[in-house]
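The structure appears below as structure tokens.
Residue numbers (the working numbering), protein chains in the order written: chain S, 2 to 259; chain A, 6 to 596.
Here you go:
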């Protein structure tokens with residue numbers, strides 16, 4: 002079974018990020034790391050290939066520069082090869098262009114039995130790329146997968162919903178988006194890191210994939226305003242008079258969680 | 006306790022700008038490694054230590070290692086899962102022999118891994134630290150069979166190892182060891198005796214524990230010349246490598262300590278029942294010499310623990326200083342409570358820690374680089390020069406970094422105020438954990454004696470004078486930078502003071518050993534601080550001051566040169582004083 006995982010490389014969330022004042026976009030010109038929300042997809046892909054008893058995991062990524070640190074992490078975890086679409090003309094691309102690029106990258110690899118993406122990236126949160134890719138590739142799409150099994154050529158997915166989860170069966174090949182926390186991503190081992198150095202990463206431009214890079218000008222999305230997050234409200238302190246549980250029930254009821 | 010943030014930029018700076026990793030990797034010996042790979046590994050190691058190991062540090066302190074009535078010892082449950090993940094990463098094997106699963110990376114890269122492991126959880130890190138010492142000993146002195154049997158699983162960390170030196174009457178005085186080894190006749194030996202202070206002597210973190218034990222064979226000469234080293238596994242190992250019968254080793258108790266509660270410190274009884282089976286490592290009566298093989302690495306690692314815990318405590322202190330609001334800082338609007346980081350005296354406490362951390366990292370990483378250069382040099386004279394510098398640095402690294410860790414962790418507690426003295430913030434743990442460091446692996450007094458006893462006489466003091474010449478020429482270069490003239494003057498002056506002190510002790514060495522030893526600790530502090538200032542000066546000259554990072558490095562170096570170095574120079578009086586007043590008050594009157 003061959004699986005392709007879409008991985009985004011993002012600025013380290015542990016370092017203070019900076020917005021480009023002209024575009025209101027996060028600056029991404031420095032070092033980029035593997036988006037944690039994609040590490041679940043990589044781990045799930047490795048487990049599925051392992052369970053299938055054969056095949057390989059490939060990764061695809063789009064970055065404004067030639068940065069590969071994040072991809073190296075995924076390769077060190079066990080993916081065998083990658084495609085990086087690196088093209089300055091793609092800076093400012095909207096979700097649809099990103100989906101076209103990544104769909105093109107999937108095709109360069111000759112497709113796969115399964116394409117996995119994160120539900121949304123940790124630095125952009127548009128959350129629409131996986132479905133757009135599925136449409137472009139003509140694949141069935143299952144979103145919010147919390148557990149995935151392959152059973153006799155069909156995919157069995159438990160799909161997270163607000164009430165619980167749906168049991169979905171879908172034919173392969175397919176594209177799924179996985180939620181964070183569904184599996185415990187492994188840490189790259191020393192041997193894995195050393196092996197990743199020699200794993201091939203093919204670098205492509207938008208033109209290589211036949212995608213017109215529209216950049217800022219052609220983007221169908223724009224960030225119109227950036228505002229400070231509201232300061233956190235002071236909490237309410239309730240003195241326990243022996244009846245506090247009623248207040249807690251009231252509070253939770255107010256939040257509509259019970 | 007704030008989350009641990011691996012100081013990747015600082016470590017990379019220490020590796021490349023301070024210790025010149027590039028020149029180590031340019032040697033043929035290490036040509037299979039490149040800087041990018043090292044940096045890539047260090048980044049993944051940092052993430053692993055921060056996310057997996059660091060969160061277990063509080064459990065170590067609070068749940069503690071526990072001794073049970075059946076003689077078993079358990080560590081906190083979180084230690085076990087985290088340690089298993091550590092084993093799975095294989096990071097521990099990096100610097101060792103590829104025949105046994107290592108990758109033959111330079112020692113300095115292992116130092117970077119160890120720094121982060123120790124910052125994350127020093128109590129847990131002691132287990133791999135002891136294993137690493139035993140690996141060194143077996144790599145150098147074990148028979149091919151012993152190496153094949155033990156090393157592969159010790160390199161991965163699947164098996165842990167211990168060093169058994171101390172006995173109730175034999176602490177710093179290892180020559181007083183009484184444990185016995187009697188030949189069985191089939192090549193094995195029966196070991197009997199009681200060993201104390203055995204770090205990770207018994208625990209449930211690994212399936213096997215490989216004990217290296219010092220004992221006396223029948224008719225062995227007294228003192229250190231009659232000590233042999235034995236490998237005594239917790240479980241005898243079958244021919245196919247599987248674990249067989251339990252050996253006759255029991256854990257009688259564990260110590261209740263001031264700190265490092267996660268690390269079990271055991272009293273081990275060998276051969277109480279059927280006799281503990283062991284095998285001789287190396288030659289009979291050469292146990293002490295075998296021990297010295299790993300002594301440099303072990304002492305360097307303990308110095309590194311001083312740096313590591315100072316770093317962790319500093320991170321906690323900064324986080325608190327930024328968050329905690331008290332009083333109004335100078336220039337702050339009326340009515341505002343300012344973050345305490347804005348108060349000058351709090352800044353002083355932070356800068357004191359920060360500049361010492363830079364200094365300790367420079368010293369330790371340079372020390373490791375000297376060991377690697379000595380190993381890699383093909384020309385004997387070059388190798389000897391690196392070896393001498395490494396040997397000089399070892400007591401400085403061990404003593405200075407562990408003494409300073411007392412002061413910097415104390416400064417971190419001070420920043421927390423009353424909240425630092427109560428246990429809930431976690432900063433007190435660092436202060437308590439750090440206190441063992443000047444004691445074990447040769448007390449700092451013994452390090453000072455090593456400095457004035459063995460190191461001072463190397464090339465008739467020439468090794469030390471070379472180091473001071475280096476400091477003086479750095480002072481000249483530093484002087485050309487207008488913002489560094491005070492630092493430059495102080496460095497030159499400290500180097501001169503050290504030169505006079507060294508000459509004085511060289512003269513006293515044979516005629517007045519009491520005075521020599523009385524002066525040893527202040528001399529170590531004086532020399533070590535001056536060497537650190539030289540290393541910081543060198544790095545400040547190389548770093549790009551136009552970046553925020555580079556500018557901070559230069560500032561911390563200047564702070565060290567202007568505000569820390571002069572205090573060390575003040576120790577000159579203690580170095581030149583006679584030992585008379587130390588002994589002038591009769592013991593009866595001391596009581």
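Every residue, glycine too, gets a C-beta built ideally from N, C-alpha and C.
7 Å Cβ shell around residue i - same chain, five flanking residues per side excluded
i: residue 110 of chain A; result: 38, 99 and 100
i: residue 50 of chain A; result: 96, 118 and 121
i: residue 268 of chain A; result: 70, 128, 131, 204 and 205
i: residue 241 of chain A; result: 249, 250, 252 and 282
i: residue 379 of chain A; result: 388, 391, 392 and 395
i: residue 221 of chain S; result: 95 and 97
Assigned secondary structure, residue i (DSSP; H/G/I helix, E/B strand, else coil)
i: residue 120 of chain S; result: coil
i: residue 172 of chain A; result: strand
i: residue 390 of chain A; result: helix
i: residue 333 of chain A; result: coil
i: residue 344 of chain A; result: strand
i: residue 61 of chain A; result: helix
i: residue 308 of chain A; result: helix
i: residue 281 of chain A; result: strand
i: residue 249 of chain A; result: strand
i: residue 221 of chain A; result: strand
i: residue 6 of chain S; result: strand
i: residue 415 of chain A; result: helix
i: residue 296 of chain A; result: helix
i: residue 222 of chain S; result: coil
i: residue 90 of chain A; result: helix
i: residue 58 of chain S; result: strand
i: residue 64 of chain S; result: strand
Residue i classed as buried or exposed, judged by whether at least 16 other C-beta atoms fall within 10 angstroms
i: residue 575 of chain A; result: exposed
i: residue 1 of chain S; result: Lying outside 2 to 259, the shown extent of chain S, residue 1 of chain S is not represented and no answer is given.
i: residue 337 of chain A; result: exposed
i: residue 252 of chain S; result: exposed
i: residue 65 of chain A; result: buried
i: residue 542 of chain A; result: buried
i: residue 190 of chain S; result: buried
i: residue 472 of chain A; result: buried
i: residue 513 of chain A; result: buried
i: residue 275 of chain S; result: No answer is possible for residue 275 of chain S: it lies beyond the span of chain S, which begins at 2 and ends at 259.
i: residue 593 of chain A; result: exposed
i: residue 247 of chain S; result: exposed
i: residue 421 of chain A; result: buried
i: residue 558 of chain A; result: buried
i: residue 366 of chain A; result: buried
i: residue 335 of chain A; result: exposed
i: residue 229 of chain S; result: exposed
i: residue 103 of chain S; result: buried
Residues near residue i by beta carbon distance below 8 Å, same chain, minus five either side
i: residue 155 of chain S; result: 170, 171, 172 and 173
i: residue 173 of chain A; result: 199 and 201
i: residue 426 of chain A; result: 418 and 433
Proximal residues to residue i (C-beta, below 6 Å), its chain only, five neighbours per side dropped
i: residue 532 of chain A; result: 503
i: residue 303 of chain A; result: 138 and 446
i: residue 58 of chain S; result: 4, 46, 47, 50 and 80
i: residue 216 of chain A; result: 167, 169 and 237
i: residue 529 of chain A; result: 404, 453 and 456
i: residue 148 of chain S; result: 159
Can you list, in chain order, the residues of the stretch 89-100 of chain A whose Cβ is nearer than 8 Å to any Cβ on chain S? 90, 93, 94, 95, 96, 98 and 99
Would you mind listing the alpha helix (DSSP H) stretches within the stretch 11-38 of chain A that are 4+ residues and don't spill past its ends, in chain order? 13-18 and 26-30
Going along the chain, which unbroken runs of the alpha helix (DSSP H) with 4 or more residues stay wholly within the stretch 77-165 of chain S? 96-109 and 130-138
Any C-beta of chain S within less than 7 Å: which residues of the stretch 43-56 of chain A qualify? 45, 46, 49 and 53
Whole alpha helix (DSSP H) elements within the stretch 100-157 of chain A, 4-residue minimum: 112-125 and 127-146
Interface residues of the stretch 170-200 of chain S facing chain A [CB-CB below 9 Å]: 187, 188, 189, 190, 191, 192, 193, 194, 195, 197 and 198
Select from the stretch 10-40 of chain S all residues with a C-beta closer than 7 Å to any C-beta belonging to chain A, and list them in chain order. 15
Could you name the residues of the stretch 49-80 of chain S whose beta carbon sits closer than 9 Å to any beta carbon of chain A, in the order they occur along the chain? 70, 73, 74 and 77
With 8 Å as the C-beta to C-beta threshold (strictly closer), list the residues of the stretch 9-24 of chain A near chain S in chain order. 10
Would you mind listing the alpha helix (DSSP H) stretches within the stretch 350-403 of chain A that are 4+ residues and don't spill past its ends, in chain order? none
Can you give, in chain order, each stretch of the beta strand (DSSP E) that sits fully within the stretch 457-536 of chain A and has at least 3 residues? none
What are the residues in the stretch 107-137 of chain A lying within 8 Å of chain S by C-beta distance? 108
Which runs of the alpha helix (DSSP H) fall wholly inside the stretch 556-585 of chain A and span at least 4 residues, in chain order? 570-574 and 577-581
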